[in-house]
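Report on the structure given below.
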Amino acid sequence: MPTGFGREFVTQYQKCEWENAEYRARQYQDALYDKVNDRIARITFNRPEKRNAFSDRMFEDMFAGLHQANDDPDVRVVIMRGAGICFGAGHELSSPEGEDSPPIHPSKNPTMVDYYGFERRRCTKWETITDFPKVTIAQVHGYCVGASQIVASCCDLIIAAEDAQLGIRGFGNLHHSVTHWPVWPLWSNKAYAGHAISETSGKEAAELGFINKAVPQDKLEEETLNWAEVLSQLPSEIVAITKEWINGSLDITGIGSAQRSHFVSHLTLQYVRFRPYEVNLYKAKRDKGLKGFMKERAISATPGTGLEK
Amino acid sequence: MSYKNIIYEKKDGIGYITLNRPEKLNAINDAVLDELDAAFAAAEPDLEVKVVVVKGAGQAFSVGQDLSGVETSEVLLDPREPISTKRQLEAERRRNRRWEYIFNLAKPTIAQVHGYCLGYGCHLAMVCDMTIACEDALFGDPSIRMGLLSGMPLWIWLIGIKKTKELLYSGRYITAAEAEQFGLINKAVPKDKLEEEVFRLAKGISLLPGDGLANCKDGINSVMEARGLGEAWRFTNELQLVMQQHSREPGEFDFFEVRDKKGLKAAIKDRDAPFKGFP
Numbered sequence: 001m002p003t004g005f006g007r008e009f010v011t012q013y014q015k016c017e018w019e020n021a022e023y024r025a026r027q028y029q030d031a032l033y034d035k036v037n038d039r040i041a042r043i044t045f046n047r048p049e050k051r052n053a054f055s056d057r058m059f060e061d062m063f064a065g066l067h068q069a070n071d072d073p074d075v076r077v078v079i080m081r082g083a084g085i086c087f088g089a090g091h092e093l094s095s096p097e098g099e100d101s102p103p104i105h106p107s108k109n110p111t112m113v114d115y116y117g118f119e120r121r122r123c124t125k126w127e128t129i130t131d132f133p134k135v136t137i138a139q140v141h142g143y144c145v146g147a148s149q150i151v152a153s154c155c156d157l158i159i160a161a162e163d164a165q166l167g168i169r170g171f172g173n174l175h176h177s178v179t180h181w182p183v184w185p186l187w188s189n190k191a192y193a194g195h196a197i198s199e200t201s202g203k204e205a206a207e208l209g210f211i212n213k214a215v216p217q218d219k220l221e222e223e224t225l226n227w228a229e230v231l232s233q234l235p236s237e238i239v240a241i242t243k244e245w246i247n248g249s250l251d252i253t254g255i256g257s258a259q260r261s262h263f264v265s266h267l268t269l270q271y272v273r274f275r276p277y278e279v280n281l282y283k284a285k286r287d288k289g290l291k292g293f294m295k296e297r298a299i300s301a302t303p304g305t306g307l308e309k
Numbered sequence: 001m002s003y004k005n006i007i008y009e010k011k012d013g014i015g016y017i018t019l020n021r022p023e024k025l026n027a028i029n030d031a032v033l034d035e036l037d038a039a040f041a042a043a044e045p046d047l048e049v050k051v052v053v054v055k056g057a058g059q060a061f062s063v064g065q066d067l068s069g070v071e072t073s074e075v076l077l078d079p080r081e082p083i084s085t086k087r088q089l090e091a092e093r094r095r096n097r098r099w100e101y102i103f104n105l106a107k108p109t110i111a112q113v114h115g116y117c118l119g120y121g122c123h124l125a126m127v128c129d130m131t132i133a134c135e136d137a138l139f140g141d142p143s144i145r146m147g148l149l150s151g152m153p154l155w156i157w158l159i160g161i162k163k164t165k166e167l168l169y170s171g172r173y174i175t176a177a178e179a180e181q182f183g184l185i186n187k188a189v190p191k192d193k194l195e196e197e198v199f200r201l202a203k204g205i206s207l208l209p210g211d212g213l214a215n216c217k218d219g220i221n222s223v224m225e226a227r228g229l230g231e232a233w234r235f236t237n238e239l240q241l242v243m244q245q246h247s248r249e250p251g252e253f254d255f256f257e258v259r260d261k262k263g264l265k266a267a268i269k270d271r272d273a274p275f276k277g278f279p
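Protein chains in written order, with this note's numbering: chain A, 1 to 309; chain B, 1 to 279.
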């Protein structure tokens with residue numbers, strides 16, 4: 001594809017955000033779609049062996065599910081949850097070849113324009129969840145880190161197990177940008193400070209106000225269904241307008257710019273030069289594999305724990 | 001102005017505005033709004049008043065809009081009534097300008113809350129600079145259960161996104177302790193300490209220079225305006241208008257129909273029935 005930059009590259013810029021998200025006659029695979037009852041639909045992230053890390057297919061299945069719930073006039077509430085031991089571990093860090101998952105595979109060799117298009121397409125997905133016109137509830141247990149936390153944040157409500165782990169491994173939450181929006185507009189220093197912590201439990205997150213409620217894990221499903229049941233009593237149009245009002249007010253405060261800053265910070269992170277003593281994802285992955293990288297990252301994130309031996 | 005539905009008095013540099021329809025739990029009808037306007041307009045230029053305390057007589061601060069349909073053409077537009085878009089927009093603007101006026105009053109304001117503090121009552125407490133409540137107070141906005149928009153943009157500014165959505169989607173009420181935790185109010189105190197606590201706060205403020213207070217308040221509010229609050233009031237007007245036009249689904253609860261057929265109490269009971277036992 002001619003790019004205007006005088007060289008060829010595998011362009012992803014024109015790919016549509018909704019590509020492969022048709023729900024009619026769909027075989028759901030990496031995310032499943034079911035209905036709890038007439039009014040409550042449920043999307044279950046379904047790569048338990050990969051801790052529900054996001055593949056392209058999982059995004060596509062999730063969006064097909066949202067589409068289907070949107071088109072179903074009976075559905076008023078959508079629950080999102082994860083199969084297996086957790087809600088989700090975020091992006092697939094193994095960079096499968098040919099997939100969008102960041103950090104993307106070196107074979108894609110994207111230019112900055114290309115990468116920006118990719119980022120924009122990826123981040124627009126968050127806004128699609130945010131602006132979904134029906135009530136969305138994230139039912140969170142176990143890990144809910146990185147992109148999975150963003151997905152949960154974009155849902156209207158989060159109910160989590162007390163021992164759930166929300167955050168980003170090895171970083172403060174602060175570069176996340178788009179997940180700032182649960183604390184937007186920043187209404188307390190407590191919440192702001194909470195976002196500088198790299199990981200919080202469900203219990204702590206409820207106290208900081210990032211999520212709505214934390215319950216023991218064996219009560220999580222029951223509690224979520226209870227909320228869904230109650231919220232599904234409200235007529236769809238009334239919910240849609242109320243949600244438009246709240247989200248529109250947030251747009252006025254600059255949420256749109258926060259979303260955009262997330263594209264840019266991702267783009268910038270792609271060009272980070274690691275210092276010799278820092279854990280370099282690309283180098284560690286190449287030399288020691290993904291698990292080796294994760295071990296190195298854990299050691300660097302928790303100095304003095306003895307892990308370094 | 002002679003006040004019938006509120007009491008306005010001045011004492012020790014403190015102005016007191018007391019909602020005074022105790023037999024109706026201080027439900028706010030058109031007349032209450034008119035008198036509130038007059039009282040705030042009287043307090044603002046009055047050099048003897050340094051700080052204004054807003055409270056309710058009887059068992060509650062206020063249960064919110066008077067839903068009876070009697071003398072409520074300003075506080076509660078009946079969606080069944082044919083009304084031009086222009087007139088409705090005017091009504092919405094008047095309403096939000098009133099809240100904005102109180103919010104920006106050039107003197108500190110304190111809401112002293114006990115019992116129910118719902119709907120318009122809660123909005124009135126929210127536009128005050130500070131809220132002190134006793135432990136038995138209940139806060140919330142059940143508008144959505146009647147197919148109405150809450151219409152108070154400050155929710156998002158005060159308690160954040162997740163809690164706003166939780167409260168406004170469900171219409172559920174929260175206790176003073178929860179309200180304090182979310183930042184909706186400044187402090188929850190035992191019932192017998194409420195008056196004393198508010199007096200101490202008001203007295204302390206009344207010792208400060210009035211010009212300095214007005215300036216300080218303007219600085220804080222202008223930060224909220226810079227974060228888009230000014231535009232949010234306007235946006236709210238428009239969405240109120242949209243909400244009035246929503247179409248009813250078959251079997252959908254119609255508060256106004258039920259009220260006219262079975263009476264106000266039965267309508268409120270029917271309204272809240274599906275939400276019983278909600279956390």
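Glycine is no exception: its CB is placed at the ideal position from the N, C-alpha and C atoms.
If you pair each beta-carbon of the segment 131 to 150 of chain B with each one of the segment 170 to 184 of chain B, do three or more pairs fall below 8 Å?
yes
Mapping DSSP to helix, strand and coil, what is G289/A?
helix
Burial state of N215/B (16 or more Cβ within 10 Å)
exposed
Report the neighbours of D156/A on chain B: residues whose CB is nearer than 9 Å to its CB, in chain order.
I161, K162, K165, E166 and Y169
For chain A, check one thing: does any of its Cβ atoms lie closer than 8 Å to the Cβ of I156/B?
yes
Against chain A: residues of the segment 140 to 153 of chain B by CB proximity under 7 Å:
I144, G147, L149 and P153
Near-chain B residues of the segment 200 to 222 of chain A - C-beta to any C-beta below 9 Å:
E207, G209, F210, I211, N212 and K213
Taking Cβ-Cβ distances shorter than 8 Å, what residues in chain B pair up with I241/A?
L149, L239, V242, M243 and H246
Would you identify the three-state DSSP class for H91/A, choosing helix, strand or coil?
strand
Answer yes or no: do H141/A and L220/A have a C-beta to C-beta separation smaller than 8 Å?
yes
Please report the distance separating the alpha-carbon of W155/B from that of V230/A.
21 Å
With Y16/B as the anchor, note down where its beta strand (DSSP E) starts and where it stops.
I14 to L19
So for D270/B, helix, strand or coil by DSSP?
helix
Mind listing which residues of the segment 272 to 306 of chain A have their C-beta closer than 8 Å to chain B's C-betas, in chain order?
none
For the segment 68 to 113 of chain B, list the beta strand (DSSP E) runs that are entirely contained and at least 3 residues long, ordered along the chain.
109 to 113
Cα-Cα, which of K165/B, I220/B, N186/B and D192/B is closest to S249/A?
K165/B
Any Cβ of chain E within less than 8 Å of the Cβ of A111/B?
You won't find chain E in this structure, because its protein chains are A and B.
Three CB pairs or more closer than 8 Å across the segment 196 to 213 of chain A and the segment 196 to 205 of chain B
no
Can you grab the Cα-Cα spacing for the pair I241/A / L25/B, in whole Å?
30 Å
Chain A partners of E231/B, CB-CB under 7 Å?
I252
Sorted by chain position, which residues of the same chain lie with C-beta nearer than 8 Å to Q29/A's C-beta, five sequence neighbours on each side aside?
N46, R57 and D61
Along chain A, which residues have their Cβ under 7 Å away from the Cβ of E252/B?
P235
So, at 8 Å on beta carbons, what are the nonlocal neighbours of A89/A in its own chain, with the 5 sequence-adjacent residues on each side left out?
K50, R51, N52, A53, Y143, V145, G146 and S148
Is the Cβ of N52/A closer than 8 Å to any Cβ of chain B?
no
Quick check: what's the CA-CA separation for G13/B versus L208/B?
11 Å
C-alpha gap between G219/B and N37/A, whole angstroms
51 Å
Suppose contacts are defined by Cβ-Cβ distances below 8 Å. Is R42/A in contact with D34/A by that definition?
yes
Neighbourhood of E199/A by C-beta distance below 8 Å, restricted to the same chain and skipping five residues each side:
V145, Q165, L166, G167, I168 and R169
Got a sec: is the Cβ-Cβ distance from S265/A to anything in chain B below 8 Å?
no
Which residue comes first and which comes last in the beta strand (DSSP E) that contains F45/A?
I40 to F45
Bounding residues of the alpha helix (DSSP H) (the contiguous stretch that carries K243/A):
S236 to T253
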